[in-house]
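2 protein chains.
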Amino acid sequence: MTEVNSGRGGISALVGKYRDEADRPHGRRRRHVSARSAKPTAGDIAAAAGVSTATVSRVLNNPMSVSPELRERVERAVGELGYVRSGVARALASSRSFTIGAVVPTLNNAIFAASLAAFEEQLAADGYTLLVTVSNYNPTHETGQLRRLLERGVDAIMLIGLDHPEESWQLIEHSQATVVVLWALPGVRKVPCIGFDNAGAAEAVVDHLAALGHRRIAMMAGITAGNDRARARRAGVERGLRKHGLPVIPGLFIEKRYSHADGRAGFAELFDRPDPPTAIVCGNDVLAMGAIFEAQSRGIAVPGDVSIVGYDNLSITQHMMPALTTVSVPSEAMGRAAARAIVEHLTDNAEIGSITFHAPLVVRNTTGPAPAGRP
Amino acid sequence: MTEVNSGRGGISALVGKYRDEADRPHGRRRRHVSARSAKPTAGDIAAAAGVSTATVSRVLNNPMSVSPELRERVERAVGELGYVRSGVARALASSRSFTIGAVVPTLNNAIFAASLAAFEEQLAADGYTLLVTVSNYNPTHETGQLRRLLERGVDAIMLIGLDHPEESWQLIEHSQATVVVLWALPGVRKVPCIGFDNAGAAEAVVDHLAALGHRRIAMMAGITAGNDRARARRAGVERGLRKHGLPVIPGLFIEKRYSHADGRAGFAELFDRPDPPTAIVCGNDVLAMGAIFEAQSRGIAVPGDVSIVGYDNLSITQHMMPALTTVSVPSEAMGRAAARAIVEHLTDNAEIGSITFHAPLVVRNTTGPAPAGRP
DNA sequence: TTGAAAGCGCTAACAA
DNA sequence: TTGTTAGCGCTTTCAA
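Going down the list, the sequences are from chains D and V. For the first sequence, this note's numbering begins at 2 and goes up steadily by one. For the second sequence, this note's numbering begins at 2 and goes up steadily by one.
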């Protein structure tokens with residue numbers, strides 16, 4: 002029925018497949034009646050090049066399996082008709098969409114944006130396209146988004162952290178999609194994790210502070226509910242404190258949203274106490290910068306009066322004055338590694354192994370000896 | 002052939018449609034031989050609910066067109082079998098993918114990330130999913146990415162700025178996809194633009210500086226090649242200078258990549274001249290922050306010795322010390338407006354009109370009177 | 001309201 | 001190597 006291979010070997014602009022609309026069996030009529038402006042299909046290319054649609058498909062997907070002559074004819078037709086193949090039809094027929102879905106908590110945190118950019122760049126290099134969804138740290142919302150990604154037929158899903166509703170995991174389980182988790186260490190969940198030790202790095206921060214003689218150390222964490230990274234960082238600080246025999250003072254452990262404003266507020270909260278800390282470990286760099294701004298506006302010297310440590314190592318932290326002591330998070334590396342692992346898996350069915358990156362403490366100028374005369 | 006409507010009205014877990022694999026006509030065999038674990042299809046739901054696939058489709062897309070009784074049966078089957086409909090098949094059949102493509106120059110600029118996040122959030126609220134691609138300001142790369150988005154069958158495309166290869170515009174023209182351009186004013190190109198006046202706001206910056214008595218004004222622009230926003234900002238500064246009868250000194254107009262490091266380098270370049278400017282207009286906030294860091298490290302007072310103006314109004318600029326004078330760019334508003342316009346167009350075929358937002362100058366503490374004793 | 005069935009534009013199994 | 005053709009899982013027309 003498809004009027005492929007209509008004889009003439011030349012390339013004619015025969016676009017639109019049906020000679021007569023009338024005498025086709027009943028059922029739906031052709032949607033685009035004017036066969037003129039309609040986008041060319043593989044059938045049109047086949048007709049123009051005088052080959053079958055199968056050959057067109059081969060030229061597109063595996064050119065070497067077609068004789069140079071036919072290949073050339075098909076390529077000419079593609080160029081002349083401005084053919085763009087339908088990825089949708091391709092996905093349906095091959096059950097591969099060449100599309101990867103990602104659910105990120107936010108894009109307003111440079112560190113996630115950077116990771117995602119690296120992820121996308123690597124995917125694009127391999128012909129994959131990224132579907133993005135941002136959950137705003139809302140688990141319910143997230144499950145729905147995941148469902149939509151799965152509906153779209155993504156070949157794989159990238160998730161941040163292990164902290165997701167059971168329903169989300171179910172959804173993934175029931176789909177054919179591959180999963181990769183970023184920003185986490187391999188845990189109970191049997192999924193490949195590409196991350197680093199959030200807690201361990203936080204513990205190293207405390208080592209550093211303890212070595213400087215600090216004893217009253219505060220933790221301004223991010224919101225830990227539904228955020229295993231924030232939780233791990235806080236836990237790492239606690240662990241470090243205990244390790245060094247330092248007090249874990251409940252009032253000095255606070256949680257703030259990741260914003261400059263909240264960083265300032267958090268600092269104010271800590272310093273309006275009768276017994277302010279001599280050092281503050283922050284859940285991320287944004288919080289740390291906020292804290293520093295508030296200190297500056299109060300005339301409190303950093304690190305003279307108080308040491309402040311960030312987490313993430315945003316590009317700005319090395320340039321600001323004073324430069325921020327922080328934990329260097331391998332965000333781009335994780336993004337790239339995840340993309341590569343996914344593509345390899347999808348291509349050769351290579352197993353995706355977990356990868357743990359190193360997240361070193363970068364000591365700069367916001368940490369110094371504990372001020373004398375304060376406990 | 003499809004064993005839909007197999008009699009029993011109850012919901013049975015009859016997953017997989019073919020009773021016997023043997024006596025089907027030749028052609029491709031079933032891909033997933035084990036009909037067991039395969040994902041349920043509309044046919045399975047239909048069979049389980051004792052209705053036709055058409056009814057299943059109706060329940061999913063327009064529940065009110067189905068009788069309560071059948072609707073309920075279908076919904077039960079959907080829940081019990083954990084059915085997730087194939088968006089791919091849906092897109093092919095309906096030629097609507099409920100998917101929107103975006104090509105952004107970078108994600109490492111918080112302002113784009115914020116805009117994109119708002120765009121995605123609004124799209125998600127209407128059931129659309131976002132396909133993202135980042136061009137890294139590379140036009141060739143960009144055309145390829147656009148092509149891939151179009152292949153994926155996106156219903157619409159969001160582009161940043163009007164500065165794109167002719168081939169990109171062709172591609173869009175030939176596709177059925179709707180386009181919306183962000184960050185630009187309606188121009189020669191006949192496409193809806195949702196943006197603000199980059200040049201006008203830059204001109205307002207010069208007004209402000211001129212009023213403060215500055216006469217040697219420098220412009221540290223972003224890279225203008227292939228970036229109409231950067232170009233417009235630079236042009237706005239030039240226009241403002243001429244308007245006020247101030248000199249446009251070529252050596253004081255430099256271009257830098259949008260990074261803190263380049264901002265520092267640019268400042269150094271300007272201040273290593275025998276005749277440094279008394280004010281610097283920066284192409285964006287990142288450049289401005291870099292300039293301020295360099296000034297601080299050289300002991301040059303801001304705004305005492307030099308005034309510095311940013312562009313974008315990133316959240317950090319209001320908190321840093323001194324707080325940055327900058328242009329407030331309506332990034333989220335543009336993202337949201339674009340999403341809404343697209344969805345409305347796709348839903349009701351509403352025409353997409355161009356929208357021009359206001360981008361006011363926010364005067365803070367990095368601008369002050371021109372220092373006396375300097376030209 | 002509901003069902004039957006033709007397509008949507010590809011891919012891939014099979015035959016030639 | 002090439003062509004034929006069934007089928008991917010939906011939507012939608014038409015008829016009932």
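In this text, a Cβ means the ideal position worked out from N, Cα and C, and glycines have one as well.
Contact check, residue i vs residue j, beta carbons under 9 Å
| i | j | result |
| --- | --- | --- |
| V/Gly354 | V/Ala373 | no |
| D/Leu131 | D/Leu147 | no |
| D/Cys283 | D/Gly311 | yes |
| D/Gln177 | D/Ser96 | yes |
| V/Thr150 | V/Val104 | It is Leu, not Thr, that sits at residue 150 of chain V in the sequence shown. It is a contact, given that the beta carbons lie within the stated cut-off. |
| D/Asn228 | D/Asp164 | yes |
| V/Glu152 | D/Gly88 | yes |
| V/Gly291 | V/Gly267 | yes |
| V/Val79 | V/Leu71 | no |
| V/Leu124 | V/Val344 | yes |
| V/Glu333 | V/Ala126 | no |
| D/Phe99 | D/Asp45 | no |
| D/Ala47 | D/Ile195 | no |
Distance between residue j and residue i (C-alpha atoms, nearest Å)
| i | j | result |
| --- | --- | --- |
| D/Leu108 | V/His261 | 20 Å |
| D/Ile218 | D/Ile158 | 39 Å |
| D/Ala43 | V/Thr179 | 23 Å |
| V/Arg29 | D/Arg190 | In this prediction, V/Arg29 has a pLDDT of 43, which is less than 50 and means its spatial position is unreliable; what the coordinates show is noted afterwards. Each residue's Cα considered, the two are about 37 Å apart. |
| V/Ala92 | D/Lys40 | 16 Å |
| D/Pro278 | D/Thr225 | 21 Å |
| V/Pro137 | V/Leu271 | Going by the sequence as given, residue 137 of chain V is Asn instead of Pro. Whole-angstrom Cα-Cα distance: 27 Å. |
| D/Ala111 | V/Phe113 | 11 Å |
| D/Ile356 | D/Gly154 | 26 Å |
| V/Ile317 | V/Phe294 | 14 Å |
| V/Thr56 | V/Ala50 | 10 Å |
| V/Glu122 | V/Arg77 | 30 Å |
| V/Pro248 | V/Ala289 | 22 Å |
| V/Ala371 | V/Gly214 | 5 Å |
| V/Pro361 | D/Gln319 | 30 Å |
| D/Gly201 | D/Arg234 | 8 Å |
| D/Tyr259 | D/Ile301 | 22 Å |
| V/Asn350 | D/Gln297 | 54 Å |
| D/Ser66 | V/His142 | 28 Å |
| D/Thr327 | V/Val303 | 27 Å |
| V/Gly369 | D/Val287 | 28 Å |
| V/Ile161 | V/Glu256 | 20 Å |
| D/Gly128 | V/Glu81 | 36 Å |
| V/Ala94 | D/Pro166 | 33 Å |
| D/Ala74 | V/His175 | According to the sequence provided, residue 74 of chain D is Arg. The question's Ala does not apply to it. Rounded to the nearest angstrom, the two C-alpha atoms are 22 Å apart. |
| D/Ile250 | V/Gly264 | 41 Å |
| D/Ala340 | D/Phe254 | 36 Å |
| D/Leu347 | D/Val192 | 16 Å |
| D/Val34 | V/Pro64 | Because the pLDDT of D/Val34 is 37, which lies under 50, any placement of that residue in the model is unreliable, and the number read from its coordinates should be weighed accordingly. Near 29 Å, if we compare the C-alpha coordinates of V/Pro64 and D/Val34. |
| V/Ala212 | D/Leu210 | 49 Å |
Counterpart residues of residue i in DSSP-defined beta bridges
| i | result |
| --- | --- |
| D/Ala256 | The sequence shown places Glu at residue 256 of chain D, not Ala. According to DSSP, D/Glu256 bridges with D/Ala222. |
| D/Ile353 | Looking at the DSSP assignment, D/Ile353 forms no beta bridge with any residue, so it has no partner. |
| D/Phe120 | D/Phe120 pairs with nothing; no bridge assigned. |
| D/Met65 | BP columns for D/Met65 are empty, so no partner. |
| D/Val104 | D/Thr134 and D/Leu160 |
| V/Leu183 | V/Ile161 and V/Ile195 |
| D/Val79 | Beta-bridge pairing links D/Val79 to no other residue. |
| V/Val57 | DSSP output for V/Val57 lists no bridge partner at all. |
| D/Ile281 | D/Ala219 and D/Ile309 |
Chain D residues whose Cβ lies nearer than 8 Å to that of residue i
| i | result |
| --- | --- |
| V/Leu151 | Val85 |
| V/Leu93 | Ser87, Val89, Ala90 and Leu93 |
Proximal residues of chain D, C-beta to C-beta of residue i below 7 Å
| i | result |
| --- | --- |
| V/Val133 | Glu121, Leu131 and Val133 |
| V/Phe294 | His320, Met321 and Met322 |
Partners in chain V for residue i, counting only beta-carbon separations shorter than 9 Å
| i | result |
| --- | --- |
| D/Thr80 | Checking the sequence, you will find Gly at residue 80 of chain D rather than Thr. Chain V residues near D/Gly80: none, gap ~12 Å exceeds 9 Å. |
| D/Asn109 | Ala111, Ala114, Ala115, Ala118 and Ser316 |
Residues that residue i contacts on chain V, provided the C-beta gap is smaller than 8 Å
| i | result |
| --- | --- |
| D/Ser260 | Ser316 |
Closer than 7 Å at the beta carbon, the chain V residues around residue i
| i | result |
| --- | --- |
| D/Ser98 | Val89 |
| D/Arg243 | Within 7 Å Cβ-Cβ: nothing; D/Arg243 doesn't reach chain V, min ~34 Å. |
Ordered list of beta strand (DSSP E) runs contained in the stretch 286-366 of chain D, each at least 3 residues: 308-310 and 356-358
Alpha helix (DSSP H) segments (min. 4 residues) lying fully within the stretch 140-171 of chain V: 140-152
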